[in-house]
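A.B. asks: If you're matching them up, the sequences are chains A and B in order.
Note that this note's numbering has the first sequence beginning at 4, numbered continuously upward.
Note that this note's numbering has the second sequence beginning at 4, numbered continuously upward.
2 protein chains.
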Amino acid sequence: MGARNGPYTCGVDAAVDVIGGKWKVLLLWALAEQPRRFGELRRELPKISEKVLSQQLRELEADAIVHREVYAQIPPKVEYSLTDLGTSLNEALSPLGAWGRAHMAHLEATYPQRHPA
Amino acid sequence: MGARNGPYTCGVDAAVDVIGGKWKVLLLWALAEQPRRFGELRRELPKISEKVLSQQLRELEADAIVHREVYAQIPPKVEYSLTDLGTSLNEALSPLGAWGRAHMAHLEATYPQRHPA
DNA sequence: CGGTATCCTCGCTGATACTG
DNA sequence: CAGTATCAGCGAGGATACCG
Chain A
4 MGARNGPYTC GVDAAVDVIG GKWKVLLLWA LAEQPRRFGE LRRELPKISE
54 KVLSQQLREL EADAIVHREV YAQIPPKVEY SLTDLGTSLN EALSPLGAWG
104 RAHMAHLEAT YPQRHPA
Chain B
4 MGARNGPYTC GVDAAVDVIG GKWKVLLLWA LAEQPRRFGE LRRELPKISE
54 KVLSQQLREL EADAIVHREV YAQIPPKVEY SLTDLGTSLN EALSPLGAWG
104 RAHMAHLEAT YPQRHPA
């Protein structure tokens with residue numbers, strides 16, 4: 004998804020590219036609530052594999068949406084949280100969330116057309 | 004993209020699923036400006052294939068984001084425009100667009116991490 | 001002009017196994 | 001606990017050709 008030729012044509016395009024990963028908005032949502040550890044996130048998104056979770060977190064980290072805090076201790080502890088940029092992204096997302104909630108029923112009905120069997 | 008298990012976990016998730024197609028936000032953008040014919044859209048998004056353009060338009064149509072008006076004449080003429088729902092989606096998207104524009108430079112720099120060579 | 005019909009590729013996603 | 005490595009599958013997206 005995202006960029007077509009030279010990145011990017013417009014702002015929405017750029018933003019969607021950042022949050023377009025299959026689990027990213029869910030991660031944003033979880034982290035907005037409170038910082039989480041790797042294992043906590045895995046438990047909250049039960050269907051995600053470790054590899055993909057790690058991958059998406061790193062992409063969000065590269066985009067400075069998520070901060071990764073490593074505690075030098077045994078057993079290891081790593082905590083993920085939203086940066087200021089991440090928080091601002093979440094705020095920019097809120098009208099979209101409201102729109103989605105308002106039309107959720109309709110969108111679930113049209114879901115089959117977007118994801119044919 | 005989009006729904007994981009049972010659609011949908013939250014509103015943003017649902018919305019992103021609708022606009023997550025590779026070209027959809029660009030189409031929304033173009034149609035918000037003014038209604039367009041098939042060929043006009045193709046010329047504005049030069050890298051899109053006819054098949055995919057048609058596909059994405061039909062998905063947006065199924066979601067009642069886009070209206071498809073067929074004129075019974077020769078040569079054929081079909082005009083695509085935003086519905087009220089589509090317009091409301093575009094409005095809900097505008098903070099995200101502002102966010103994207105504001106951080107575009109940063110996002111282009113981090114682009115390689117999201118789309119490794 | 002405005003599409004379908006095929007075929008194909010690429011890379012995202014996932015399952016499993018292993019490590020510091 | 002928090003990952004990395006490796007391999008495999010699948011499906012959206014794309015190229016090309018053809019049709020009303």
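Note that the Cβ used here is the ideal one computed from N, Cα and C, for glycine as well.
Every value quoted in this text rests on a predicted model; they were computed, and no experiment measured them.
(1) Using only alpha-carbon positions, find the residue among V21/A, L48/A, A112/A, I22/A that is nearest to A33/A.
(2) What are the residues in the region 55–71 of chain A lying within 8 Å of chain B by C-beta distance?
(3) Excluding the 5 residues preceding and the 5 following G5/A in the sequence, name in chain order all residues of the same chain whose CB lies nearer than 7 Å to its CB.
(4) Contact defined as beta carbons within less than 8 Å: I believe V69/A pairs with T90/A. What is the distance between those atoms, to the nearest angstrom?
(5) Can you tell me whether Y74/A is helix, strand or coil according to DSSP?
(6) Within its chain, find whatever has a CB closer than 8 Å to the CB of W26/A; leave out the 5 residues flanking it on each side and keep chain order.
(7) Since D20/B meets chain A, which of its residues come closer than 9 Å, beta carbon to beta carbon?
(8) Answer with buried or exposed for A2/A, where buried requires no fewer than 16 other C-beta atoms within 10 angstroms of its C-beta.
(9) Any idea if A95/B is buried or exposed, counting beta-carbon neighbours within 10 angstroms, 16 or more meaning buried?
(10) So who's on the other strand from V69/A, going by DSSP bridges?
(11) Would you decide whether H106/B is buried or exposed? Buried here means 16 or more other CB atoms lie within 10 Å of its CB.
(12) Between the Cα of P38/B and those of R117/B, W102/B, V73/B, G14/B, spot the shortest distance and give me the residue it belongs to.
C.D. replies: According to the data block:
(1) L48/A
(2) R61, E62, A65, D66, A67
(3) In this prediction, G5/A has a pLDDT of 46, which is less than 50 and means its spatial position is unreliable; nothing more can be read from the coordinates.
(4) With 8 Å as the limit, V69/A and T90/A do not qualify as a contact, their Cβ atoms being about 11 Å apart.
(5) strand
(6) L48, I51, V55, L56, Q59
(7) G103, L110, Y114, R117, H118
(8) This structure gives no information on residue 2/A, because the portion of chain A shown stretches from 4 to 120.
(9) With 16 or more other Cβ atoms within 10 Å, it is buried.
(10) L85/A
(11) buried
(12) V73/B
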